[in-house]
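J.: If you're matching positions, the sequence shown starts at 4 in our numbering and goes up one per residue. I'd like to ask you about the structure that follows.
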Amino acid sequence: MKIFNSPDRISVEINRIRLGKKRIGFVPTMGALHAGHLSLIKQAAKENNTVVVSIFVNPAQFGPKEDLKKYPRPIKKDLELCRKAGVDFIFLPGNKIMYPQGYSTFVNVEGLNEVLCGSARPGHFRGVTTVVAKLLNIVRPDALYLGQKDAQQALIIARMVKDLNFPVKVKVMPTIRENDGLALSSRNAYLSKKERNDAVVLSKALLLAQTLIDNGQRQANRIITRIKQLISKKRSARIDYVSIVDLENLMPLKKIKPGCLIALAVKIGKTRLIDNIIINEKA
Ligand code: PAF
């Protein structure tokens, strides 16, 4: 496994791979890797000859009051996990390489970035699309692997890829969960034992929604009310949003339809967690 800190260095290797007509699969991350990331790496390895992982805690996607400083950075462990998972190249740039003095270009996917997490975290998705655009230009992969847990992020990146004609296929892989249903997230590490137990209410609420729909409920507001009631039973939980939206444009739906997205963001103690499900065809 080769580790690169500079775009120029990794570019030389990428050119070599591309000349050999080998497929490149790319998994962008902010480190603190877990089984969710590893499933993306595994899929990338299955479908490509070369797997590139980037590890970069991107300051541009954190708000001034967010957890940039305390975001976990277990770099040794991350590198070991990548090595074991068969990653070929790691791109591990520093802030100054990604955003040198005078840096002033940002990519903004309008509309989609203003709703759901976008309204609670202004500027967040602008930071995400900016860094992913840069990473795609540096790594030039054939396929980009993202997790469904960050459904809005995946949709926004897919929109950017389409709108800006990036020659890459976006692959969105299923959310990986703990045995009790909690969606894996690097931020789960912030939870106390009690909060960790409470956090399972997010996935329980989504399961409840699926059950209500399976039993014939189609009114979005009724389902949202039941979800909110369930989550509010946990004293540590503060709901940011519970929304039922069209997966194409993230606009709120009054009635459930197949393929719609139920998404929620909840603060458990001080930790903001997100989760979602796509309602299956049965609906
Ligand atoms: O999902 C993440 O870890 C980040 O938002 C990403 C896509 C690596 C961009 O910094």
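Glycine included, every Cβ here is placed at the ideal spot set by N, Cα and C. Just so we're clear, the structure is a prediction, and the values are computed from it rather than from any experiment.
Measure the C-alpha to C-alpha separation of residue 201 and residue 231 and round it to an integer number of angstroms.
T.: Taking the sequence shown and counting its residues from 1, the one referred to as residue 201 is at position 198. Taking the sequence shown and counting its residues from 1, the one referred to as residue 231 is at position 228. Spanning the two alpha carbons is a distance of roughly 14 Å.
J.: What does a CB cutoff of less than 8 Å around residue 139 pick up in its chain, not counting 5 residues either side in sequence?
T.: Within the sequence shown, residue 139 is the residue found at index 136, counting from 1. Closer than 8 Å at Cβ, skipping near neighbours: 29, 147, 164, 169 and 171.
J.: Here's the rule I'm using: 16 or more other beta-carbon atoms within 10 Å means buried, otherwise exposed. How should residue 13 be labelled?
T.: What you label residue 13 is simply residue 10 of the sequence shown in a count that begins at 1. Burial call: buried.
J.: If you count every other CB in all the chains shown that lies within 10 Å of the CB of residue 278, and 16 or more means buried, which is it?
T.: For this step, residue 278 is matched to residue 275 along the sequence shown. The residue in question, residue 278, is buried, as its Cβ has 16 or more Cβ neighbours within 10 Å.
J.: Any chance the CB of residue 274 is under 7 Å from a heavy atom of the ligand PAF?
T.: In the sequence shown, residue 274 corresponds to position 271, counting from 1. No; taking the cut-off as 7 Å, the Cβ of residue 274 has no heavy atom of the ligand PAF nearer than that.
J.: Please classify residue 21: does DSSP put it in a helix, a strand, or coil?
T.: For the purposes of this step, residue 21 is taken as the residue at position 18 of the sequence shown. Note: residue 21 maps to helix in three-state DSSP.
J.: Who are the Cβ neighbours of residue 154 in its own chain at under 7 Å, not counting the five residues just before and after it?
T.: For the purposes of this step, residue 154 is identified with residue 151 of the sequence shown, where counting begins at 1. Closer than 7 Å at Cβ, skipping near neighbours: 264, 266 and 279.
J.: For the beta strand (DSSP E) that residue 39 lies in, which residues bound it at each end?
T.: For this step, residue 39 is matched to residue 36 along the sequence shown. Where residue 39 is concerned, there is no enclosing beta strand (DSSP E), although the alpha helix (DSSP H) it sits in stretches over 38-50.
J.: CA-CA distance, residue 43 and residue 150?
T.: Taking the first residue of the sequence shown as position 1, residue 43 is located at position 40. Taking the first residue of the sequence shown as position 1, residue 150 is located at position 147. Taking the straight line from one Cα to the other gives about 7 Å.
J.: Quick one: residues in its chain with C-beta nearer than 7 Å to the C-beta of residue 206, no 5 flanking neighbours on either side, listed in chain order?
T.: Within the sequence shown, the letter at position 203 stands for residue 206. Counting only Cβ-Cβ distances below 7 Å, and skipping sequence neighbours, we find 180, 184, 185, 186 and 278.
J.: Is the beta carbon of residue 26 closer than 8 Å to that of residue 217?
T.: To locate residue 217, count along the sequence shown from 1; it is residue 214. To locate residue 26, count along the sequence shown from 1; it is residue 23. No, they are not a contact pair.
J.: Scan the stretch 49-79 and note each continuous alpha helix (DSSP H) run of 4 residues or more that stays entirely inside, going in chain order.
T.: Fully enclosed alpha helix (DSSP H) runs of 4 or longer: not present.
J.: Residue 54: beta carbon under 7 Å from a heavy atom of the ligand PAF?
T.: Along the sequence shown, one-based indexing puts residue 54 at 51. No, the beta carbon of residue 54 sits no closer than 7 Å to any heavy atom of the ligand PAF.
J.: To which residues of the same chain is residue 84 closer than 6 Å at the C-beta, ignoring the five residues directly before and after it?
T.: Translated into the one-based positions of the sequence shown, residue 84 becomes position 81. Within the same chain, residue 84 has close Cβ partners 36.
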